[in-house]
Amino acid sequence: MWKSVASNALTLFIVILVLAAGLVAWGRQAFHEPGPLAQASCLRVDRGDSTSAIAGKLVAQGAVSNEYVFRIGADYTEKAGQEKFGSYLIPANASMPQILDIVTAGGQSTCGREINYQIGVANAQLVLRDLNPATGRFEEVAKYDPATGDRPAAFDGDGDGDEDMRLRVTLAEGVTSWQVVDAMKRAEFLAGDVAEVPAEGSLAPDSYEVTDGQERAALLAEMADRQTRILADLWESREEGLPYASPEEALIMASIVEKETGIAEERPMVASVFVNRLRQGMRLQTDPTVIYGVTKGEGVLGRGLRASELRGRTPYNTYVIDGLPPTPIANPGRLSIQATLHPAQSEYVFFVADGSGGHVFATNLEDHNANVVKWREVERARGQVPDGGVQTRQ
Numbered sequence: 062m063w064k065s066v067a068s069n070a071l072t073l074f075i076v077i078l079v080l081a082a083g084l085v086a087w088g089r090q091a092f093h094e095p096g097p098l099a100q101a102s103c104l105r106v107d108r109g110d111s112t113s114a115i116a117g118k119l120v121a122q123g124a125v126s127n128e129y130v131f132r133i134g135a136d137y138t139e140k141a142g143q144e145k146f147g148s149y150l151i152p153a154n155a156s157m158p159q160i161l162d163i164v165t166a167g168g169q170s171t172c173g174r175e176i177n178y179q180i181g182v183a184n185a186q187l188v189l190r191d192l193n194p195a196t197g198r199f200e201e202v203a204k205y206d207p208a209t210g211d212r213p214a215a216f217d218g219d220g221d222g223d224e225d226m227r228l229r230v231t232l233a234e235g236v237t238s239w240q241v242v243d244a245m246k247r248a249e250f251l252a253g254d255v256a257e258v259p260a261e262g263s264l265a266p267d268s269y270e271v272t273d274g275q276e277r278a279a280l281l282a283e284m285a286d287r288q289t290r291i292l293a294d295l296w297e298s299r300e301e302g303l304p305y306a307s308p309e310e311a312l313i314m315a316s317i318v319e320k321e322t323g324i325a326e327e328r329p330m331v332a333s334v335f336v337n338r339l340r341q342g343m344r345l346q347t348d349p350t351v352i353y354g355v356t357k358g359e360g361v362l363g364r365g366l367r368a369s370e371l372r373g374r375t376p377y378n379t380y381v382i383d384g385l386p387p388t389p390i391a392n393p394g395r396l397s398i399q400a401t402l403h404p405a406q407s408e409y410v411f412f413v414a415d416g417s418g419g420h421v422f423a424t425n426l427e428d429h430n431a432n433v434v435k436w437r438e439v440e441r442a443r444g445q446v447p448d449g450g451v452q453t454r455q
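Taking this note's numbering, I'd label the letters of the sequence shown as residues 62 to 455.
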């Protein structure tokens with residue numbers, strides 16, 4: 062009898078082991094296999110949410126097939142309780158380990174709303190965008206210039222208590238340091254005073270993730286640190302024989318290149334013109350430097366240069382002074398610095414606008430003057446000839 066009982070108990074134990082092994086294998090497969098989510102979706106993790114609460118939300122959104130497998134898997138991988146609050150983009154068919162990685166990685170939210178304060182040369186504007194989970198791209202909801210426009214209703218409540226709202230400040234290439242500081246003073250989500258305007262050219266045009274209440278001075282310091290690192294890195298890999306005595310001189314030239322063309326592909330060629338002029342002892346004769354001497358970088362001139370301004374002696378009038386001006390005339394981006402330190406190989410010493418947004422280049426004054434005549438015709442056709450005329454590189 063005891064032998065029969067023992068045999069039955071052993072059989073039952075083996076059956077239990079087989080079932081347990083099968084259950085474990087099923088759970089492991091369910092944990093690692095692609096999830097059932099047909100289309101990318103945003104998952105909101107509220108502050109204080111438990112792993113169980115998150116698992117429930119995932120099941121409700123159709124992102125995971127089994128709440129208990131998710132919770133056990135989170136415990137097994139030691140990620141339970143490590144989830145960070147925010148809104149996260151869960152890709153279609155994401156597995157449970159992938160979802161756990163997303164919600165425990167920390168950092169900024171990857172889904173939901175974003176306010177991007179875009180500081181440009183002509184103006185600064187707040188742009189409110191929503192992430193479209195289907196495309197993974199932010200789509201514009203509303204925008205306005207806090208200096209001139211009324212705040213749209215879409216902005217009401219945004220950034221106030223919404224802890225996972227993404228906030229960004231984006232500097233366009235070619236903005237001046239004064240323009241940056243002036244615009245940042247109007248950013249209500251930033252705090253603190255700015256003791257002085259940073260040196261011209263010292264701020265890196267880029268997009269910066271910020272937090273509500275971040276100090277303006279700290280953000281400016283981050284921009285300056287990034288520009289310092291960019292310049293140092295590119296200076297080390299510069300071409301030999303360039304007519305710059307220091308990285309600071311290269312930064313001055315990069316700012317001129319930045320203001321002369323908005324076409325990325327043209328920058329190395331524009332840089333080559335100015336390099337050739339410096340090597341030949343020719344004056345740079347570039348309008349953006351003259352404009353900076355007039356405005357001091359405080360806003361946009363908004364009109365053509367007058368003949369008297371082109372003849373006037375300022376430290377920035379490169380029609381009058383030899384060599385480079387004393388400082389940069391804007392904050393150049395990485396591509397302009399790169400072009401300045403790796404200019405195209407050319408014999409060009411002249412260029413003028415071609416009417417299409419780009420420029421036409423010349424190696425001699427005769428060809429250049431012919432190009433100028435064509436540009437003047439374009440100006441007249443557009444009714445854009447400024448009072449007093451505008452000098453071009455001669």
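All residues carry an ideal CB built from backbone N, CA and C; glycine is no exception.
Under 8 Å between C-beta atoms of residue i and residue j
i: Ala116; j: Phe92; result: no
i: Phe412; j: Val334; result: yes
i: Glu359; j: Trp436; result: no
i: Leu264; j: Asn392; result: yes
i: Ala244; j: Ile180; result: yes
i: Leu339; j: Pro304; result: yes
i: Leu119; j: Ile160; result: yes
i: Ala400; j: Ala311; result: no
i: Gly419; j: Val439; result: no
i: Leu371; j: Glu300; result: no
i: Pro387; j: Pro376; result: yes
i: Glu234; j: Gly394; result: yes
Outcome for residue i when other beta-carbon atoms lying within 10 angstroms are tallied against a minimum of 16
i: Ile324; result: exposed
i: Arg441; result: exposed
i: Asp348; result: buried
i: Ser307; result: exposed
i: Thr322; result: buried
i: Val241; result: buried
i: Ala121; result: exposed
i: Asn425; result: exposed
i: Tyr129; result: exposed
i: Arg302; result: The sequence as given places Gly at residue 302; Arg does not occur at that position. Burial call: exposed.
i: Asn378; result: buried
i: Pro194; result: buried
i: Ser102; result: buried
i: Ala135; result: buried
i: Val236; result: buried
i: Val434; result: exposed
i: Arg198; result: exposed
i: Glu144; result: buried
i: Asp254; result: exposed
Residue i, DSSP secondary structure in three states
i: Phe131; result: helix
i: Ser148; result: strand
i: Gly222; result: In this prediction, Gly222 has a pLDDT of 47, which is less than 50 and means its spatial position is unreliable; nothing more can be read from the coordinates.
i: Thr231; result: strand
i: Ser268; result: strand
i: Tyr353; result: helix
i: Ser369; result: helix
i: Lys140; result: coil
i: Ile180; result: strand
i: Glu310; result: helix
i: Ala423; result: strand
i: Asp428; result: helix
i: Asp155; result: The residue asked about is misnamed: residue 155 is Ala in this sequence, not Asp. Ala155: coil per DSSP, three-state reduction.
i: Glu94; result: coil
i: Ala303; result: First, the residue type needs correcting, since residue 303 is Leu and not Ala in the sequence shown. The answer is coil: DSSP assigns Leu303 none of H, G, I, E or B.
i: Leu11; result: Residue numbering for the chain in the displayed model covers 62 to 455; residue 11 lies beyond these limits and cannot be assessed.
Residues near residue i in its chain [Cβ-Cβ closer than 6 Å; skip 5 each side]
i: Ser397; result: Ala315, Val318, Glu319, Arg328
i: Ala248; result: Tyr178
i: Tyr149; result: Leu104, Ile163, Val164, Thr171, Cys172
i: Ile313; result: Leu385, Pro389
i: Ser407; result: Ser333
i: Met330; result: Ala405
i: Arg374; result: Val381
i: Gly222; result: At Gly222, the pLDDT of 47 sits below 50, so the modelled position is not reliable; the number obtained from the coordinates is stated separately. Closer than 6 Å at Cβ, skipping near neighbours: no residue.
Spatial neighbours of residue i in its chain, beta-carbon cut-off 8 Å, leaving aside the 5 residues before and after
i: Ala252; result: Gly274, Gln275, Glu276, Arg277
i: Arg229; result: Glu175, Ile176, Asn177, Tyr178, Ser268, Tyr269, Glu270, Val271
i: Ala256; result: Ala278
i: Val361; result: Val182, Ala183
i: Thr289; result: Ser263
Sequence-distant residues of its chain with Cβ nearer than 7 Å to residue i (five each side left out)
i: Asp267; result: Leu232, Arg287
i: Asn432; result: Val413, Val421, Ala423
i: Ala285; result: Pro259, Ser263, Leu264
Cutoff 8 Å: residue i Cβ touching any chain B Cβ
i: Asp136; result: The structure shown contains no chain B; it holds only a single protein chain.
Contact test: residue i Cβ vs the ligand GTP heavy atom, cutoff 7 Å
i: Asn177; result: Although the ligand GTP was asked about, the structure shown includes no ligands whatsoever.
Q.
Using 8 Å as the cut-off, can you tell me whether the segment 345-352 makes contact with the segment 273-290, which would need three or more C-beta pairs spanning the two stretches below that distance?
A. By the criterion of at least three beta-carbon pairs nearer than 8 Å, the segment 345-352 is not in contact with the segment 273-290.
Q. Given 8 Å as the limit, is there contact between the segment 201-208 and the segment 185-192, that is, 3 or more CB pairs closer than that?
A. At 8 Å Cβ cutoff, the stretches touch.
Q.
For the segment 92-102 against the segment 140-155, do three or more pairs of beta-carbon atoms, one drawn from each stretch, fall closer than 8 Å, so that the two count as touching?
A. The way I'd put it, the segment 92-102 does touch the segment 140-155; three or more beta-carbon pairs between them come closer than 8 Å.
Q.
I want to know whether the segment 139-148 touches the segment 104-124 - three or more CB-CB distances under 8 Å.
A. With a cut-off of 8 Å on Cβ pairs, the segment 139-148 is in contact with the segment 104-124, counting three or more such pairs.
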